[in-house]
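A.B. asks: This structure is in structure tokens; I'll ask about it shortly.
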Amino acid sequence: MTSLTVSQVDTVVFEGQKPGTSGLRKAVKVFQQEHYTENFIQAILDALGDKLNQSTLVVGGDGRYYGQDAVRKIIKIAAANGVVKLLIGQHGILSTPAVSNIIRKYKTLGGIVLTASHNPGGPNGDFGIKFNCENGGPAPDAVTNKIYEITKTLKKYKIVSGLEIDIGKIQSTTVLIDGKPFTVDIIDSVNDYTALMKEIFDFSAIKQLLQGSDKRPQFKVLINAMNGVTGPYITEIFGKELGVSSSDLVNAVPKEDFGGLHPDPNLTYAADLVNAVKNGPYDFGAAFDGDGDRNMIIGKKAFFVNPSDSLAVLAANLNAIPYFKKTGIKGYARSMPTGAAVDLVAKKTNVKCYQVPTGWKYFGNLMDAGQLSLCGEESFGTGSDHIREKDGIWASLAWLSVIANLGKSVEEILLDHWSTYGRNFFTRYDYENCDADKSNEMMNYVEELMKKSDFVGTKLASQNKTYIVKEADNYSYKDPIDGSIATKQGLRILFEDGSRVIFRLSGTGSSGATIRLYIESYEADPSTFTLDPQIVLKPLVDISLKLSKLQEYTGRDKPTVIT
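Numbers 2 to 564, taken from this note's numbering, label the letters of the sequence shown in order.
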């Protein structure tokens, strides 16, 4: 058996290696700096402390540029730091939901996920590294803060320079590192995840829907992987298992630059899917982001399902999914900016509903405590307690389960839902890559405005609509499970009629700042249900832009993306 030795490499401290809600994201060229990636990996391993010895870790990512280079570095550094085994997806490919599943299934110490999620890829694009803990979910603040503190003083990292493993071949390799065995298992990227989906859903019912029968015509779907990690997964699940034609599984080969696509499944960046469904014979369309945790669902003629509505519809129809018949429904949750449609379902069905800050780790705490079954974020993330990440393919299969159970179209399901609960009109305006200083100035300006003693009770008017401020704050959250407190999670202006305006700075970009403006208004009048949300919400949008002086601060006269 090959025997190799550990060496230590002197390094320099890199500023700004602070993981956000989804790990460390920077431009590829930043990660390619000498020692940069190695430093951050060493900091992750140091943060795990004594638990690292005798541990197994999962490694995989979304297939973007620099991913395989990073995997090879992780192998060498993990071997030098006492890790006993690595489980690595073939070619370094594992969707984020698949990583979470493997961590939980094989009871590993955690996993290193190589992704910048929905950010563009390629040599001039972005890269990211995040750590998921032993519950399968993103590392909590205590862990990411510890990692960051280590990066600020790191002087050396350990490495086994001569260790080379072929990550393109499914195999198990064991070598001796200073006399101790170290194993690398290159595993099939798709098998474990597919098996999990078959445990959760009734594949025969979904297949019957998709293939059609004497009683029901074929339900035609178009699935778009956006050249991200879900390509192999949709080929196996929708193609092999459910019989969908390969011609209806598009952009299904992972590419290092996502084929020039921006792998963010929304109406702007997934326009090719929208147009194909709008003009084609399809009853259903779904798209997923780079690492497979986000989803967009559309119906026939490209009827768009807002993610906030998607969460509410699934909540109202969970009995269509065998998994929940076994586990029962423990609770629902949404991120604070997400529309409150699911709250109405929870109230009607007498199920507890939680509101948490943005970030899947907050859902994970509730799930681990047995208090949460279904959750979602307005940023196209939906998931359940089957893992501890949002899960795009799971969401599409959940929707197909509901459709098969109800025997109705996507549009009919939404119209029925609104007739029962009313409609929470919701939109999000994204202003991407704004000047960070100016963005912070704008947020400070709005917060100071909200703090004025006479702000509550203020009447704000546009067109024929008047809104009266009921409450205004910078959202904070005390975790009911571990007691941790998250502050400054977004500026909220709540109105007496239930409408809301929220301003947030996003932490998921690699440069500059993204300002997100969330607008929500509840309508109980059925005559409004089919109106364009942008028309219904325009008075409140105009009020928000004027109130915040957003154009004045950023120079932007329109958003980059409207959801």
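We put the beta carbon where it would ideally sit given N, CA and C, even for glycine. Keep in mind that this is a model prediction, so the values were computed, not measured.
#1: Quick one, are the C-beta atoms of P560 and Y476 less than 9 Å apart?
#2: So what's Y476 in DSSP terms, helix, strand or just coil?
#3: List the endpoints of the continuous beta strand (DSSP E) containing G232.
#4: Please state whether DSSP places M444 in a helix, a strand or coil.
#5: Considering only residues of the same chain and omitting the five flanking positions on each side of S162, which have a CB-CB separation below 7 Å?
#6: Unbroken beta strand (DSSP E) runs of length 3 or more, entirely within the stretch 319–343: which are they?
#7: Based on Cα-Cα distance, which residue from F504, I482, G484 lies nearest to D474?
#8: Starting from N40, trace the alpha helix (DSSP H) in both directions and tell me its first and last residue.
#9: When DSSP labels each residue in this structure, what does I520 get in the three-state scheme?
#10: DSSP three-state label for A288, please.
#11: In whole angstroms, what separates the C-alpha of F285 from that of T12?
#12: Does the distance from the CB of S190 to the CB of P141 come in under 9 Å?
#13: What beta strand (DSSP E) runs, 3 residues minimum, are completely inside the stretch 350–396?
#14: Using three-state DSSP, classify E449 as helix, strand or coil.
#15: Measuring CB to CB, does V251 end up less than 9 Å from A277?
#16: Name the one or two DSSP bridge partners that F183 has.
#17: Near I166, which residues of its chain fall below 6 Å by C-beta distance, leaving aside the five closest residues on each side in sequence?
#18: Per DSSP, V59 forms a beta bridge with which residues?
#19: Shortest alpha-carbon distance to T195 belongs to which of V306, I168, E237?
#20: Could you check how far apart the C-beta atoms of D294 and K391 are, in whole angstroms? I think they sit under 8 Å.
#21: In chain order, what residues of the same chain lie with their CB nearer than 7 Å to the CB of G169, ignoring the 5 residues before and after it?
#22: Using the rule of at least 16 other Cβ atoms within 10 Å of the residue's Cβ for burial, across every protein chain shown, is G384 buried or exposed?
#23: With burial defined as no fewer than 16 other Cβ atoms inside 10 Å of the residue's Cβ, what is the status of A80: buried or exposed?
#24: How about G291 and S118: do their beta carbons lie closer than 9 Å?
#25: Is the CB of A79 under 9 Å away from at least one CB in chain D?
#26: Using the Cα positions of T231 and L551, report the straight-line distance between them to the nearest angstrom.
#27: Between the C-alpha atoms of S511 and G213, what's the straight-line distance to the nearest angstrom?
#28: Below 8 Å on the Cβ atoms is my guess for D127 versus N120; work out the distance and round it to an integer in Å.
#29: Output needed for Y37: all residues of its chain with C-beta closer than 7 Å, excluding positions within five of it in sequence on either side, in chain order.
#30: When the Cα atoms are used, what is the spatial distance from G24 to I298?
#31: Using 8 Å as the Cβ pair cut-off and three pairs as the minimum, do the stretch 38–51 and the stretch 139–158 touch?
#32: Our contact map puts M443 next to Y554 with C-beta atoms below 8 Å; I'd like the distance itself, whole angstroms only.
#33: Out of curiosity, what's the CA-to-CA distance linking V72 and N192?
#34: Taking contact to mean 3 or more Cβ pairs, one atom from each stretch, closer than 8 Å, check whether the stretch 258–266 and the stretch 317–332 are in contact.
#35: Who does M297 pair with in a DSSP beta bridge?
#36: In this structure, how does DSSP classify R505 when only helix, strand and coil are distinguished?
C.D. replies: By the coordinates alone:
#1: Counted from its first residue, the sequence shown places residue 560 at position 559. Counted from its first residue, the sequence shown places residue 476 at position 475. With respect to Y476, P560 sits apart: the two C-beta atoms are not nearer than 9 Å.
#2: Taking the first residue of the sequence shown as 1, we reach residue 476 at position 475. Three-state result, Y476: coil.
#3: Against the sequence shown, residue 232 aligns to sequence position 231. It is not in any beta strand (DSSP E) - G232 instead sits in the alpha helix (DSSP H) that spans 232–235.
#4: Numbered from 1 along the sequence shown, position 443 holds the residue referred to as residue 444. Helix, per DSSP.
#5: Counting from 1 along the sequence shown, the entry for residue 162 is found at position 161. Hits under 7 Å: S8, K77.
#6: 333–336
#7: For this step, residue 474 is matched to residue 473 along the sequence shown. Nearest of F504, I482, G484 to D474, Cα basis: F504.
#8: Here residue 40 corresponds to residue number 39 of the sequence shown, with the count starting at 1. Per DSSP, N40 belongs to the alpha helix (DSSP H) from 37–49.
#9: Position 519 of the sequence shown, counted from the first residue, corresponds to residue 520. Correct three-state label for I520: strand.
#10: Position 287 of the sequence shown, counted from the start, is the residue given in the question as residue 288. Here A288 sits in strand by DSSP.
#11: To locate residue 285, count along the sequence shown from 1; it is residue 284. To locate residue 12, count along the sequence shown from 1; it is residue 11. Approximately 52 Å between the Cα atoms of the pair.
#12: Counting from one through the sequence shown, the residue named residue 190 turns up at place 189. Counting from one through the sequence shown, the residue named residue 141 turns up at place 140. In this structure, P141 does not lie closer than 9 Å to S190 by Cβ.
#13: Restricting attention to beta strand (DSSP E) runs no shorter than 3 residues, the stretch 350–396 encloses them at 354–357, 375–378, 382–385, ordered along the chain.
#14: Against the sequence shown, residue 449 aligns to sequence position 448. Helix.
#15: One-based indexing of the sequence shown puts residue 251 at position 250. One-based indexing of the sequence shown puts residue 277 at position 276. Yes.
#16: Position 182 of the sequence shown, counting from 1, holds the residue named residue 183. Paired residues: V176.
#17: On the sequence shown, residue 166 is found 165 positions in, with the first residue counted as 1. So the qualifying residues of the chain are I76, T174, V185.
#18: For the purposes of this step, residue 59 is taken as residue 58 along the sequence shown, with counting starting at 1. In DSSP, V59 forms a bridge with L88, G112.
#19: Translated into the one-based positions of the sequence shown, residue 195 becomes position 194. Nearest of V306, I168, E237 to T195, Cα basis: E237.
#20: Within the sequence shown, numbered from 1, the residue matching residue 294 stands at position 293. Within the sequence shown, numbered from 1, the residue matching residue 391 stands at position 390. Rounded, the Cβ-Cβ distance is 4 Å, consistent with contact.
#21: Here the question's residue 169 lines up with position 168 in the sequence shown. Same-chain partners within the cutoff: Q91, H92.
#22: Here residue 384 refers to the residue found at position 383 of the sequence shown. Result: buried.
#23: For the purposes of this step, residue 80 is identified with residue 79 of the sequence shown, where counting begins at 1. So A80 ends up on the buried side.
#24: The residue given as residue 291 occupies position 290 in the sequence shown. The residue given as residue 118 occupies position 117 in the sequence shown. Their beta carbons are under 9 Å apart, which means G291 touches S118 by this criterion.
#25: Here there is only one protein chain, and chain D is not present.
#26: Translated into the one-based positions of the sequence shown, residue 231 becomes position 230. Translated into the one-based positions of the sequence shown, residue 551 becomes position 550. Whole-angstrom Cα-Cα distance: 37 Å.
#27: Looking up residue 511 in the sequence shown gives position 510. Looking up residue 213 in the sequence shown gives position 212. For S511, the predicted model reports a pLDDT of 49, less than 50, meaning its position is unreliable; a value from the coordinates is still stated below. Approximately 45 Å, taken between the alpha carbons.
#28: As a first step, residue 127 must be located in the sequence shown, where it is residue number 126. As a first step, residue 120 must be located in the sequence shown, where it is residue number 119. Correct: roughly 4 Å between the Cβ atoms.
#29: Within the sequence shown, the letter at position 36 stands for residue 37. Around Y37: F15, V31.
#30: One-based indexing of the sequence shown puts residue 24 at position 23. One-based indexing of the sequence shown puts residue 298 at position 297. If you take the alpha carbons of G24 and I298, they lie about 26 Å apart.
#31: yes
#32: Counting from 1 along the sequence shown, the entry for residue 443 is found at position 442. Counting from 1 along the sequence shown, the entry for residue 554 is found at position 553. Yes, they are in contact, since the Cβ atoms of M443 and Y554 sit about 4 Å apart, within 8 Å.
#33: Within the sequence shown, numbered from 1, the residue matching residue 72 stands at position 71. Within the sequence shown, numbered from 1, the residue matching residue 192 stands at position 191. Computed Cα separation, rounded: 20 Å.
#34: With the cut-off at 8 Å, the stretch 258–266 and the stretch 317–332 do not touch.
#35: Numbered from 1 along the sequence shown, position 296 holds the residue referred to as residue 297. Bridge partners of M297: A288.
#36: As a first step, residue 505 is located in the sequence shown; it is residue number 504 there, counting from the start. Strand at R505.
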